[in-house]
Amino acid sequence: MRDTLDFTFEELPLLIGNGIEAGHVNGTAEINFSDDGEWSVGAIYLDGYKAGKPAQLEVDTRSEIFLNILDSLERGSRKDSVEAKVWAKLEDMGVRAHSDFREHNTLHRTYQGV
(Lines of atoms letter the chains of each structure in order from A; the text may use other names.)
(Lines give C-alpha, C1' and ligand atoms only; values in the text may rest on other atoms or scores of the structure.)
Protein backbone atom coordinates (compact mmCIF):
# COMPACT_ATOMS: atom_id res chain seq x y z
CA MET A 222 0.00 0.00 0.00
CA ARG A 223 1.30 3.49 -0.88
CA ASP A 224 -0.07 6.69 0.62
CA THR A 225 0.86 10.35 0.92
CA LEU A 226 0.97 12.92 3.71
CA ASP A 227 2.04 16.54 4.01
CA PHE A 228 4.96 17.38 6.29
CA THR A 229 5.09 21.04 7.28
CA PHE A 230 8.45 22.54 8.19
CA GLU A 231 9.34 25.91 9.67
CA GLU A 232 12.65 27.76 9.77
CA LEU A 233 14.49 25.05 7.85
CA PRO A 234 17.95 26.40 6.97
CA LEU A 235 18.94 26.24 3.31
CA LEU A 236 22.64 26.59 4.12
CA ILE A 237 24.74 25.54 7.07
CA GLY A 238 28.42 26.40 7.24
CA ASN A 239 30.88 26.83 10.09
CA GLY A 240 28.01 26.27 12.53
CA ILE A 241 25.99 29.11 10.99
CA GLU A 242 22.47 28.46 9.71
CA ALA A 243 21.23 30.77 6.97
CA GLY A 244 18.30 31.19 4.62
CA HIS A 245 15.53 29.81 6.82
CA VAL A 246 12.41 28.79 4.90
CA ASN A 247 8.93 27.55 5.70
CA GLY A 248 7.00 25.11 3.57
CA THR A 249 5.55 21.68 3.03
CA ALA A 250 6.96 18.43 1.71
CA GLU A 251 4.82 15.75 0.12
CA ILE A 252 5.86 12.47 1.73
CA ASN A 253 5.09 9.18 -0.05
CA PHE A 254 5.11 6.16 2.25
CA SER A 255 4.25 2.48 2.36
CA ASP A 256 2.79 0.37 5.15
CA ASP A 257 6.24 -0.90 6.16
CA GLY A 258 7.30 2.67 7.09
CA GLU A 259 9.52 3.28 4.06
CA TRP A 260 9.11 6.85 2.79
CA SER A 261 10.43 9.31 0.24
CA VAL A 262 9.95 12.97 -0.61
CA GLY A 263 7.77 13.55 -3.66
CA ALA A 264 7.53 17.34 -3.92
CA ILE A 265 8.54 20.38 -1.88
CA TYR A 266 6.58 23.63 -1.66
CA LEU A 267 7.84 26.86 -0.08
CA ASP A 268 5.56 29.39 1.58
CA GLY A 269 5.46 32.75 -0.13
CA TYR A 270 3.16 35.57 -1.18
CA LYS A 271 1.50 36.54 -4.43
CA ALA A 272 -0.31 39.87 -4.69
CA GLY A 273 -0.05 40.18 -0.89
CA LYS A 274 -1.79 36.83 -0.28
CA PRO A 275 -0.18 33.64 1.06
CA ALA A 276 0.78 31.19 -1.68
CA GLN A 277 2.97 28.16 -2.14
CA LEU A 278 5.64 27.72 -4.79
CA GLU A 279 6.70 24.24 -5.90
CA VAL A 280 10.50 23.89 -5.84
CA ASP A 281 12.12 22.54 -9.01
CA THR A 282 13.48 19.06 -8.25
CA ARG A 283 16.70 19.89 -10.13
CA SER A 284 17.48 22.98 -8.07
CA GLU A 285 20.07 23.24 -5.31
CA ILE A 286 17.34 24.49 -2.96
CA PHE A 287 15.38 21.26 -3.48
CA LEU A 288 18.47 19.14 -2.86
CA ASN A 289 19.35 21.06 0.33
CA ILE A 290 15.83 20.66 1.73
CA LEU A 291 15.71 17.01 0.64
CA ASP A 292 18.97 16.33 2.49
CA SER A 293 17.59 17.91 5.67
CA LEU A 294 14.40 15.84 5.45
CA GLU A 295 15.95 12.50 4.52
CA ARG A 296 19.25 12.56 6.43
CA GLY A 297 19.44 15.70 8.50
CA SER A 298 17.73 17.49 11.33
CA ARG A 299 14.15 16.77 10.22
CA LYS A 300 14.45 13.03 9.48
CA ASP A 301 13.20 11.88 12.90
CA SER A 302 10.22 14.25 12.68
CA VAL A 303 9.25 12.94 9.24
CA GLU A 304 9.53 9.32 10.40
CA ALA A 305 7.43 10.05 13.51
CA LYS A 306 4.71 11.62 11.37
CA VAL A 307 4.74 8.66 8.96
CA TRP A 308 4.38 6.16 11.80
CA ALA A 309 1.65 8.23 13.47
CA LYS A 310 -0.28 8.22 10.19
CA LEU A 311 0.23 4.47 9.78
CA GLU A 312 -1.00 3.82 13.31
CA ASP A 313 -4.09 5.95 12.58
CA MET A 314 -4.66 3.69 9.57
CA GLY A 315 -4.41 0.58 11.77
CA VAL A 316 -0.91 -0.50 10.73
CA ARG A 317 1.25 -1.94 13.49
CA ALA A 318 3.99 0.26 14.97
CA HIS A 319 7.57 0.02 13.71
CA SER A 320 8.73 -1.60 16.95
CA ASP A 321 6.03 -4.26 16.51
CA PHE A 322 7.41 -5.10 13.06
CA ARG A 323 10.90 -5.42 14.48
CA GLU A 324 9.64 -7.61 17.34
CA HIS A 325 7.65 -9.77 14.93
CA ASN A 326 10.65 -10.20 12.64
CA THR A 327 12.84 -11.23 15.60
CA LEU A 328 10.26 -13.76 16.81
CA HIS A 329 9.70 -15.05 13.29
CA ARG A 330 13.43 -15.61 12.85
CA THR A 331 13.57 -17.41 16.22
CA TYR A 332 10.80 -19.79 15.18
CA GLN A 333 12.67 -20.46 11.93
CA GLY A 334 15.77 -21.34 13.92
CA VAL A 335 17.84 -18.50 12.50
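First residue of the sequence shown? That's 222 in this note's numbering, and the numbers climb one at a time after it.
We put the beta carbon where it would ideally sit given N, CA and C, even for glycine.
These numbers were taken from a predicted model, which means no experiment stands behind them.
The region 267-310 is shown to contain whole alpha helix (DSSP H) runs of 4 or more residues at 285-295, in chain order. Check the Cα spacing between Asn289 and each of Phe254, Leu236 and Leu226: the tightest is with Leu236.
Collapsing the DSSP output to three states places Glu312 in a helix. Under DSSP, Gly238 takes part in a beta bridge, and its partners are Ile241.
The region 248-266 makes contact with the region 291-308; the number of CB pairs closer than 8 angstroms reaches 3 or more. The Cβ atoms of Asp256 and Val316 sit closer than 8 angstroms to each other.
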